[in-house]
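So the structure is just underneath, and the comments pick up after that.
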Amino acid sequence: MFVPNRNLDAELMRQPGMRSALLRAGREVAREAERIARAEGEPWMERADAEGLIVVDETDDGVRVTNTDHGGHLVEWGSKNNPPHAPLRRAVQAVGLPFQEH
Amino acid sequence: MIPDAEAIVGRYLRTHPLIVAVGASVGPGIPDRTAAPWVKLVQLNGPSDRDVDVDHIVRFMLQLDCYCGRAAQAAARDQATASLLARSVREALTSMAGVHDGAAVGNAQIVSDPRVPDTRFEPAMERRIITAIVVMHPA
């Protein structure tokens, strides 16, 4: 009888191979996002203590790609004064990953 | 030639009964008059389907900013109006499949819908931001 493993996601995330694959994908997204962001003149409001414009770090449940620019939300989403440039969303699509926001 | 996604989706939403009922306009930017709700529609990306080597089936990534408008702000209905508009847009997009203006259009996939007020307005304007993937090809 098939018994579904409800902890499969968590167990997979503990596998070194899975984590390194995710990290590789995160770095690809970051590289593409940085290219798009720089083309739009980022950083608009540079964060002094940041290690870079687009950074990748590991979390308990995956990998996070972050735009450290203080104006990153304006660049990503746009505002009254500027159109959206969406470096993070476009980067996910550009490297061939399915985009689903949580 | 591949379809003009912004024009097709814009025209479709402008005449959709749910959007008309909210009284919202649909366009590429901020309207001159901001009393009524509006949808700002921007194409973020439009890559070809990766499984074919011709530029025919396109996965358009669209951003639809659903703003509440000044009248809703004045009536303290800003969050509710932005929410109603966003839900109306989602409903319209996910029932869009068919032929529109010479393009075969699939139902939209809604990939995100966060609440991100636009702080560049004073006071900040309630806004829901829908990111949608709409697949189209010439009919």
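Going line by line, the protein sequences match chains C and B.
The opening residue of the first sequence carries number 4 in the numbering used here; numbering runs sequentially from there.
The opening residue of the second sequence carries number 782 in the numbering used here; numbering runs sequentially from there.
Beta carbons are placed, not taken as given, at the ideal position from N, Cα and C, and that holds for glycine.
Are the CB atoms of residue j and residue i within a distance shorter than 8 Å?
{"i": "B/Ile-914", "j": "B/Ala-884", "result": "no"}
{"i": "B/Thr-912", "j": "B/Ser-893", "result": "yes"}
{"i": "B/Leu-794", "j": "B/Val-870", "result": "yes"}
{"i": "C/Arg-27", "j": "C/Glu-61", "result": "no"}
{"i": "C/Thr-69", "j": "C/Val-78", "result": "no"}
{"i": "C/Ala-94", "j": "C/Glu-35", "result": "yes"}
{"i": "B/Val-790", "j": "B/Leu-825", "result": "no"}
Kindly indicate the opening and closing residues of the alpha helix (DSSP H) around residue i.
{"i": "B/Leu-866", "result": "859-874"}
{"i": "B/Pro-919", "result": "Taken as a continuous stretch (DSSP letters only), B/Pro-919 belongs to no alpha helix (DSSP H), being part of the beta strand (DSSP E) at 908-919."}
{"i": "C/His-76", "result": "75-80"}
{"i": "B/Gly-808", "result": "Run containing B/Gly-808: none in the alpha helix (DSSP H); it sits in the beta strand (DSSP E), 806-808."}
{"i": "C/Arg-9", "result": "From DSSP, C/Arg-9 is part of no alpha helix (DSSP H); its letter is neither H nor E."}
{"i": "B/Pro-904", "result": "Careful: B/Pro-904 lies outside any alpha helix (DSSP H) and carries neither H nor E."}
{"i": "B/Ala-855", "result": "851-855"}
{"i": "C/Val-90", "result": "The amino acid occupying residue 90 of chain C in the given sequence is Pro; Val does not appear at that position. That run of the alpha helix (DSSP H) goes 90-97."}
{"i": "B/Ala-802", "result": "798-803"}
Indicate the three-state DSSP secondary structure (helix, strand or coil) for residue i in the structure shown.
{"i": "C/Asn-20", "result": "Sequence check: residue 20 of chain C is Gly here, not Asn. Helix, per DSSP."}
{"i": "C/Asp-64", "result": "coil"}
{"i": "B/Asp-830", "result": "coil"}
{"i": "B/Val-835", "result": "coil"}
{"i": "B/Ile-891", "result": "strand"}
{"i": "B/Trp-819", "result": "strand"}
{"i": "C/Gln-103", "result": "coil"}
{"i": "B/Ala-884", "result": "strand"}
{"i": "C/Leu-56", "result": "coil"}
{"i": "B/Asp-785", "result": "coil"}
{"i": "B/Asp-813", "result": "coil"}
{"i": "C/Arg-50", "result": "coil"}
{"i": "B/Gly-879", "result": "strand"}
In the region 886-904 of chain B, which residues sit with their C-beta less than 8 Å from some C-beta in chain C, listed in chain order? Along the region 886-904 of chain B, the positions whose C-beta sits under 8 Å from a C-beta of chain C are Val-892, Ser-893, Pro-895, Val-897, Asp-899, Thr-900, Arg-901 and Phe-902, read in chain order.
Cβ pair count under 8 Å reaching 3, the region 829-847 of chain B against the region 68-76 of chain C: No, because fewer than three Cβ pairs between the region 829-847 of chain B and the region 68-76 of chain C fall closer than 8 Å, the two stretches do not touch.
Taking any Cβ of chain B, which residues in the region 44-63 of chain C have a Cβ under 8 Å from it, in chain order?
Residues passing the 8 Å Cβ filter: none.
According to a CB-to-CB cut-off of less than 9 Å, which residues of the region 815-837 of chain B neighbour chain C? Hits within the stretch, in order: Lys-821, Val-823, Leu-825, Asn-826, Pro-828 and Arg-831.
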